[in-house]
Amino acid sequence: MLFKSNAVLGARFSVIWLRGLAFLGALGFLALTFVNASWLADNPRGHLRLIANGGISQQYTPSGRTSSCPAQAILPPLHDYIADTARSVQMARRMGADLVTLDVVRTADDALVLYPDAALDCRSNGKGSLSAQSLAAIQALDPGYGYTADGGKTFPLRGNARNTIPTLDEVIEADPRGRYFFRLVADDAQGARVLVAKLKAMGRDPVATEDGFSAGPAALAVIRAAWPKSWAFDPAQAAACTSAYRTSGWTGLLPASCKGSTMIAPLDATFTLWGWPNLTVNRMTATGGQVLAVRSGTGAGLLHARDLPSVPITFRGHVMVDDYWTVGPALRPALDKRTNAEALAAQERDDASTD
């Protein structure tokens, strides 16, 4: 009888203990939910800012985007714009881009030109490292020479005299009121020093104009020394911030790697970002940081108009757009500069795409 009573008491104690754990777990879950409830937070200040990656650019097949030479795997062109050319940048600005990404590379004679790669072989008719060539040699090249949509049978962008490799100076001087996101292709401290000198000579203050910079550690140090309050980040650091926030953001505290820094927010995985979007953005901006939204964990920007619903209506940060020709007009139709035929072709491709 005593053994039976002890067994009954033990069973009751186990039930009470488990109920207590469940209650504490429920309380913990409730507290965690409220600590990271985006809907309880104030809407972040500011407004959505679209960054046109390279201006108006050609688009690539899914495998081409990650290949060593994307120009060899473009989709059939819907237009003749090429990323990082002056007319491409100007058209993106006319179509309402808040910022345009400028890929900056230093030549052998310390000029700065816009070009997406450190090497010339893929896209142009040049060979080797761009930084080993003079400005005169670079500007004699055809930046659309290597683009093909059919495995090299035809080259629809080759020989278009309207597309040339521009200097940074001529692009900014053509639209000094524009806002730009300067991306240094190589981690080149000397290139960063030249960039700083050129912007200062133009009387441009990147803090006042709200420009941005993306660079490796060596180049970034030069930029931050010139403008400590500018938006400037190392992509590796931004990725580290995102990872750390996923791990410890549930506490309501911002990781040290995120304070005053930049977080990359993949829109296909924002469920992993505690308090997304309002709390996440507010926590970052409270320490002087920024949030840059991208389409996916690969770092690619928005490619389709249908990607736009993944951007929360209350999001106040920067969004990278890889296909501004298609995405920009979907959000800002009053600034659509395409012809009816061009708009229809872009919509048909967007509707038919599966990636």
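Here the working numbering is used: the first residue of the sequence shown is 249, the next is one more, and so on. Backbone N, C-alpha and C define an ideal beta-carbon position, used for all residues, glycine too.
Taking all protein chains shown into account, decide if residue i is buried (16 or more other Cβ within 10 angstroms of its Cβ) or exposed.
i    : result
D357 : exposed
H295 : exposed
D482 : buried
L269 : Here the model assigns L269 a pLDDT of 49, short of 50, so the residue's position is not dependable, and the following value carries that caveat. The residue in question, L269, is exposed, as its Cβ has fewer than 16 Cβ neighbours within 10 Å.
F430 : buried
N526 : buried
L501 : exposed
D346 : buried
M532 : buried
D453 : exposed
D365 : buried
Considering residue i, what are the terminal residues of the beta strand (DSSP E) in which it resides?
i    : result
W522 : It is not in any beta strand (DSSP E) - W522 carries neither H nor E in the DSSP assignment.
L569 : First, the amino acid is wrong: residue 569 is Val here, not Leu. H566 to V569 is the extent of the beta strand (DSSP E) around V569.
S197 : Because residue 197 is not part of the residues shown, which for the chain are 249 to 603, the question remains open.
D351 : L347 to R354
Taking just the CA atoms, how far does residue j sit from residue i?
i    : j    : result
V352 : A582 : 31 Å
V567 : G464 : 21 Å
V542 : S509 : 16 Å
R354 : A469 : 17 Å
G246 : L362 : In the structure displayed, the chain extends from 249 to 603; residue 246 sits before or after that span and is not available.
I386 : L540 : 32 Å
R580 : P324 : 25 Å
A578 : A553 : 6 Å
S315 : L515 : 23 Å
S601 : A484 : 30 Å
Y395 : L389 : 14 Å
A492 : A517 : 15 Å
Can you tell me which of the options puts its alpha carbon nearest to the alpha carbon of residue i?
i    : options                   : result
T415 : W479, Q595 and R335       : R335
V419 : M343, T333, S379 and D369 : T333
A380 : L368, N373 and P391       : L368
V348 : D328, E458 and S311       : E458
Q306 : L556, F563, M511 and H327 : H327
A342 : V444, G399 and R427       : Note on identity: in this sequence residue 342 is Arg, with Ala being the wrong assignment. Residue R427 is the option with its Cα nearest to R342.
Contact check, residue i vs residue j under 8 Å by CB: the rounded distance?
i    : j    : result
A591 : D599 : Their Cβ separation, rounded to whole angstroms, is 13 Å, which puts A591 and D599 out of contact at 8 Å.
G565 : V529 : 6 Å
S377 : Y393 : With a Cβ gap of about 17 Å, S377 and Y393 do not count as contacting.
P391 : A397 : Between A397 and P391 the Cβ distance is about 16 Å, and since that is not below 8 Å, they are no contact.
Which residue marks the beginning of the alpha helix (DSSP H) containing residue i, and which one marks its end?
i    : result
Y393 : It is not in any alpha helix (DSSP H) - Y393 carries neither H nor E in the DSSP assignment.
W212 : Here the chain has residues from 249 to 603 only, and residue 212 is not among them.
I512 : It is not in any alpha helix (DSSP H) - I512 instead sits in the beta strand (DSSP E) that spans T510 to P514.
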